[in-house]
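There are 2 protein chains.
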Amino acid sequence: MSRNKMARPGGRSARVQASVHTAVRELESEVGRDALSVPMVAERAGVTPSTIYRRWGSLAELLSDVAVERLRPETRPEDHGALPADLTAWAEEFLDEMSSTAGRAYIRDALLGDPDGSNAGQCSAYAAEQVGIVLSRATGRGETAPDVETVMDRVVAPLMYRILFRPAGLDTAYARRLVADLLGTDGASGDR
Amino acid sequence: MSRNKMARPGGRSARVQASVHTAVRELESEVGRDALSVPMVAERAGVTPSTIYRRWGSLAELLSDVAVERLRPETRPEDHGALPADLTAWAEEFLDEMSSTAGRAYIRDALLGDPDGSNAGQCSAYAAEQVGIVLSRATGRGETAPDVETVMDRVVAPLMYRILFRPAGLDTAYARRLVADLLGTDGASGDR
DNA sequence: GGCTTAAAGCAAATCAATTGCGTTTACTCC
DNA sequence: GGAGTAAACGCAATTGATTTGCTTTAAGCC
Chain Z
515 MSRNKMARPG GRSARVQASV HTAVRELESE VGRDALSVPM VAERAGVTPS TIYRRWGSLA
575 ELLSDVAVER LRPETRPEDH GALPADLTAW AEEFLDEMSS TAGRAYIRDA LLGDPDGSNA
635 GQCSAYAAEQ VGIVLSRATG RGETAPDVET VMDRVVAPLM YRILFRPAGL DTAYARRLVA
695 DLLGTDGASG DR
Chain P
515 MSRNKMARPG GRSARVQASV HTAVRELESE VGRDALSVPM VAERAGVTPS TIYRRWGSLA
575 ELLSDVAVER LRPETRPEDH GALPADLTAW AEEFLDEMSS TAGRAYIRDA LLGDPDGSNA
635 GQCSAYAAEQ VGIVLSRATG RGETAPDVET VMDRVVAPLM YRILFRPAGL DTAYARRLVA
695 DLLGTDGASG DR
């Protein structure tokens, strides 16, 4: 987390952190992300505003921390028996989650309240970890597979770029085509 | 621009817009991006703060508008006589400008104060336009060239993804490799 | 040239952010 | 396990940003 060096990780500090994060999540769903304010979060969390300002610095940094938590994958990628199916399914789900209104808001929050870039790096690390699982499962089966960096460049980056810069006209077919172009899986790779 | 529907585009409105934008640019270089405030900009621009709040909504949206202006390319891509050289040079320069401290700040500002995504879309359109110039020059010479969307996916998106999410370890060699991998220009395309 | 109304100015009121200082309490070192 | 130390929190006062109702200006249109 941005400002949380956690020099004192237990007891009251931990309780404050937990109740503040919970307050953000509750209020996000009750009043909406844009209506949040530090005093509002503080009151819900049973804490004074100055505590939040001193620990997180600003609302943006607090939201960035919470957003990264929500972007953490909860499950391992499904196993469909072969790399093309695995990677396609993962890319489709990634796109689905990230391009939703909520997903885009979390990505933006994670990027924006992030002075040192550690939260953004964490988001990227989550994706790389999931991709790594898919790829090592493939090599374990004896399939040939590209390395993680290549998948980040050819699949994850284009998806994220379009989510952030050109949200219109994104669909699962686009995700499928990125994976097919990378793996050379079908004969229609020049079909755009 | 985000909130500027420009229902009344001439005269005083235009002067206010120009003087506010100028004030932002001047103050950015004088006191730094992080010290800016709406009242400060308003005073420099000879305008009342409420004018800025009503026209732009917040400091974030104003900075977003100014950032997009600064991200507009000022020159056409150089002509080196062949597509690989043209595209490589353009990608290197793009990376240089965008990955600088100032460039990253502008990208973040452009994304941040952008409720409807139009400013982000404009950034992407600038890059697509430059790429389009390079590619159509190539086809004009009789070279075979990928289309713009492919270059966006294979070159622009990976560069931007890394600038935003993993700024460490970015260099011109990476940009060159992305272009070479796309164009099949050298025998070492698997050199990572 | 007069009419209409979007946009700007002004000023009061509200709300968020900052800061100094006293208190609580988690961690460390006997 | 019992001080000692300093980090983290609470409280309250202050500062500064934001919002809002109302008035004034001037751009665009007959």
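Protein chains in written order, with our numbering: chain Z, 515 to 706; chain P, 515 to 706.
Cβ atoms here follow ideal geometry from the backbone N, Cα and C, with glycine treated the same way.
CA-CA distance, residue i and residue j?
i: E592(Z); j: A528(P); result: 56 Å
i: E557(P); j: S551(P); result: 10 Å
i: I647(P); j: E643(Z); result: 37 Å
i: G698(P); j: Y567(P); result: 51 Å
i: P587(Z); j: V662(P); result: 33 Å
i: M554(P); j: S533(P); result: 13 Å
i: H594(Z); j: M666(Z); result: 21 Å
i: L577(Z); j: T664(P); result: 34 Å
i: E575(Z); j: G617(P); result: 21 Å
i: A694(P); j: A559(P); result: 48 Å
i: E583(P); j: I621(P); result: 11 Å
i: T615(Z); j: H535(Z); result: 20 Å
i: E607(Z); j: S543(P); result: 43 Å
i: E611(Z); j: L673(Z); result: 11 Å
i: R680(Z); j: T602(Z); result: 21 Å
i: V545(P); j: R526(P); result: 27 Å
i: W570(Z); j: P629(Z); result: 11 Å
i: T589(P); j: V645(P); result: 13 Å
i: L549(Z); j: S650(P); result: The sequence shown places Ala at residue 549(Z), not Leu. Cα to Cα, A549(Z) sits roughly 47 Å from S650(P).
i: E657(P); j: E657(Z); result: 36 Å
Could you tell me whether the Cβ atoms of residue i and residue j are closer together than 8 Å?
i: Y675(P); j: Y675(Z); result: yes
i: A581(P); j: A624(P); result: yes
i: L692(P); j: A605(P); result: yes
i: V561(Z); j: V538(Z); result: no
i: L597(P); j: A671(P); result: no
i: S632(P); j: I677(P); result: no
i: D600(P); j: A652(P); result: yes
Below 8 Å on the Cβ atoms is my guess for residue i versus residue j; work out the distance and round it to an integer in Å.
i: L509(P); j: A689(P); result: The structure shown does not extend to residue 509(P), since chain P is modelled only from 515 through 706, so no value can be given for it.
i: G627(Z); j: S572(Z); result: 7 Å
i: R668(Z); j: L696(Z); result: 4 Å
i: C637(Z); j: L585(Z); result: 5 Å
i: A619(Z); j: R547(Z); result: 6 Å
Would you list, in chain order, the members of the stretch 660-688 of chain Z that have their beta-carbon closer than 9 Å to a beta-carbon of chain P?
From the stretch 660-688 of chain Z, only D661, E663, T664, M666, D667, R668, V670, A671, P672, L673, M674, Y675, R676, L678, F679, R680, P681, A682 have a Cβ closer than 9 Å to chain P.
For the stretch 621-632 of chain P, enumerate the residues whose C-beta is nearer than 7 Å to any C-beta of chain Z, in chain order.
Answer in chain order: R622, L625, L626, G631.
Chain P contacts from the stretch 536-564 of chain Z (Cβ-Cβ distance under 8 Å):
Within the stretch 536-564 of chain Z, not one residue has a Cβ closer than 8 Å to any Cβ of chain P.
Note down, in chain order, all residues in the stretch 631-661 of chain P with a beta-carbon under 8 Å from any beta-carbon belonging to chain Z.
Under the 8 Å Cβ criterion, the stretch 631-661 of chain P contributes G631, A634, G635, C637, S638, D661.
Quick check on the DSSP output: what are the complete alpha helix (DSSP H) runs of length 4 or more inside the stretch 607-687 of chain Z, in order along the chain?
Complete alpha helix (DSSP H) runs here, min 4: 615-626, 632-655, 662-665, 671-679.
Could you tell me which whole alpha helix (DSSP H) segments of length 4 or greater appear in the stretch 527-589 of chain P?
Listed in chain order, they are 552-559, 563-570, 573-585.
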